[in-house]
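Below is one structure, written out as structure tokens; comments come after it.
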Amino acid sequence: NSLLLKMTKNTTDRGEFRDDGFQPLSGVWTGKYGDTNGGASDDVSEIKRNEMLHIVERCKEKNVQLIMVTSPFYGHFTFSKTLAVTDSICKTNNIPYISFLNKEEFKDAALFSTGDHLNEKGANLFSSEMASLLKTCIAQ
Numbered sequence: 035n036s037l038l039l040k041m042t043k044n045t046t047d048r049g050e051f052r053d054d055g056f057q058p059l060s061g062v063w064t065g066k067y068g069d070t071n072g073g074a075s076d077d078v079s080e081i082k083r084n085e086m087l088h089i090v091e092r093c094k095e096k097n098v099q100l101i102m103v104t105s106p107f108y109g110h111f112t113f114s115k116t117l118a119v120t121d122s123i124c125k126t127n128n129i130p131y132i133s134f135l136n137k138e139e140f141k142d143a144a145l146f147s148t149g150d151h152l153n154e155k156g157a158n159l160f161s162s163e164m165a166s167l168l169k170t171c172i173a174q
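Residue numbers (my numbering): 35 to 174.
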């Protein structure tokens, strides 16, 4: 039921409905590129940390290869405790962690609809990069 509401809202907000799971954002971000933490709070929720650990354990139990990914952000991302916790959990559990933060190919405002959301052009580039990296991770 909530998926139906989300799809309806997306159709209203973006004027387009697609049944392939992709709801493209339009527009180009006009904000300035600079140092940021993405507005992230320095608080790390113990509940979210435990949920992440639960996902890690379930994947181990089910023999599912887990790969963590942080999507691009328009700006030079400096630090986030949440991302530091993610990185630590990945290192401790030998999980590949792919971060698209501060990647040269995503320093172009024309790829973003907002500072933290890619537009269709950016999403296509991100998807292509992800597919290539996933092939490498899965082949190992």
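All C-beta atoms in this analysis are idealised placements derived from N, C-alpha and C, irrespective of residue type, glycine included. Quick caveat: nothing in here was measured; it's all calculated off a predicted structure.
Item                                                                                                                                                     : Value
Based on DSSP bridge pairs, tell me the residues matched to Val103.                                                                                      : Ile132
Taking one C-beta from the region 54-70 and one from the region 92-102 each time, how about it: are there three or more such pairs within less than 8 Å? : no
Compare the C-alpha of Arg171 against each of Lys141, Leu159, Tyr131 and name the closest.                                                               : At residue 171 the sequence reads Cys, which differs from the Arg that was named. Ranking the options by Cα distance to Cys171, first place goes to Tyr131.
Going by DSSP in three states, Ser36 sits in which element: helix, strand or coil?                                                                       : Note that Ser36 has pLDDT 49, beneath the 50 cutoff, so the model's placement of it is unreliable and no number is given.
In angstroms, rounded to a whole number, what distance separates the CA positions of Phe113 and Asp121?                                                  : 12 Å
When the Cα of Glu139 is compared with those of Asn158, Cys124, Ala118, which residue comes out closest?                                                 : Asn158
State the Cα-Cα distance for the pair Arg83 and Ser105, rounded to the nearest angstrom.                                                                 : 19 Å
Report yes if the C-beta of Leu152 is less than 7 Å from at least one heavy atom of the ligand GTP; otherwise report no.                                 : Looking for the ligand GTP in the displayed structure turns up nothing, as the structure carries no ligands at all.
Report yes if the CB atom of Ile89 is closer than 8 Å to the CB atom of Ile129, and no otherwise.                                                        : no
For Phe111 versus Asp150, is the C-beta spacing smaller than 8 Å?                                                                                        : no
For His110, list the residues DSSP reports as bridge partners.                                                                                           : Asp69
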